[in-house]
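Take 51 as the starting number for the sequence shown in this note's numbering and just add one per residue. First comes the structure, then the notes that go with it.
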Amino acid sequence: MKARNLAESFKYAWIGLGQALANERNLRIHAAAAIGAVLLAAGLRVPAAEVALVAVASAMVIVAELVNTAIEGCVDLAMPGYSPLAARVKNIAAAAVLVTSIAAVVVGIVVFGPYLLSLIPVRK
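Below you can see the structure in the form of structure tokens.
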């Protein structure tokens, strides 16, 4: 169904996000991790520019998961039975989520590492 106007486009997008959150466990995990990262940033009083990096990395993981979910749905619709090509496509889409998640973890380590290390008391 094609949206008739911009408001309807946003409505369908929110519906899609809600459907994905309701049905996709991994998306809920990624969303919880993103919220946790933002809360940690606030608790550690991380500067806005670094919070932006964490937010963009988190959003990229969520977008990758949404695209992966859409690809898997299309593949399942087109090929309900097993197909080696369908399996490969789904594995590659999942790999995109994995790579994006690893990059987000690296961003988290780089951003949060110094703040967390500064909380550890140093003995003299």
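Positions of the beta carbon are idealized from the N, C-alpha and C atoms, including for glycine.
task: Would you tell me roughly how many angstroms separate the C-alpha atoms of A153 and A128, rounded to the nearest one?
output: As a working mapping, residue 153 is identified with position 103 in the sequence shown. As a working mapping, residue 128 is identified with position 78 in the sequence shown. Using only the alpha carbons, I get a separation of about 31 Å.
- Item | Buried or exposed by the 16-neighbour rule on C-beta atoms within 10 Å, applied to A72 | Start at 1 with the first residue of the sequence shown, and residue 72 comes out as number 22. In summary, A72 is exposed, with fewer than 16 beta-carbon neighbours lying within 10 Å of its beta-carbon over all protein chains present.
- Item | Host alpha helix (DSSP H) of M110 (start-end) | Counting from 1 along the sequence shown, the entry for residue 110 is found at position 60. Per DSSP, M110 belongs to the alpha helix (DSSP H) from A98 to A128.
Practice item. Using a threshold of 8 Å, state whether the C-beta atoms of V157 and A107 are closer than that. Key: As a working note, residue 157 is residue 107 in the sequence shown. As a working note, residue 107 is residue 57 in the sequence shown. Yes. Within cutoff.
Quiz item: Would you call V172 buried or exposed, if buried means 16 or more other Cβ atoms sit within 10 Å of its Cβ?
Solution: Position 122 of the sequence shown, counting from 1, holds the residue named residue 172. Classified as exposed, V172 has fewer than 16 neighbouring CB atoms from the shown chains inside 10 Å of its CB.
Checklist entry - By a C-beta neighbour count over all protein chains shown, 10 Å radius and 16 as the cutoff for buried, is N118 buried or exposed? => result Here the question's residue 118 lines up with position 68 in the sequence shown. N118 should be labelled buried.
Use the C-beta contact count for V160: other C-beta atoms within 10 angstroms, 16 or more gives buried, fewer gives exposed. Here residue 160 is taken as the residue at index 110 of the sequence shown, counted from 1. Only exposed fits V160, as fewer than 16 other CB atoms lie within 10 angstroms of its CB.
Whole angstroms are fine: how far does the CA of A92 sit from the CA of A137?
Along the sequence shown, read from residue 1 onward, the residue named residue 137 stands at position 87. Along the sequence shown, read from residue 1 onward, the residue named residue 92 stands at position 42. The alpha-carbon atoms of A137 and A92 are separated by roughly 41 Å.
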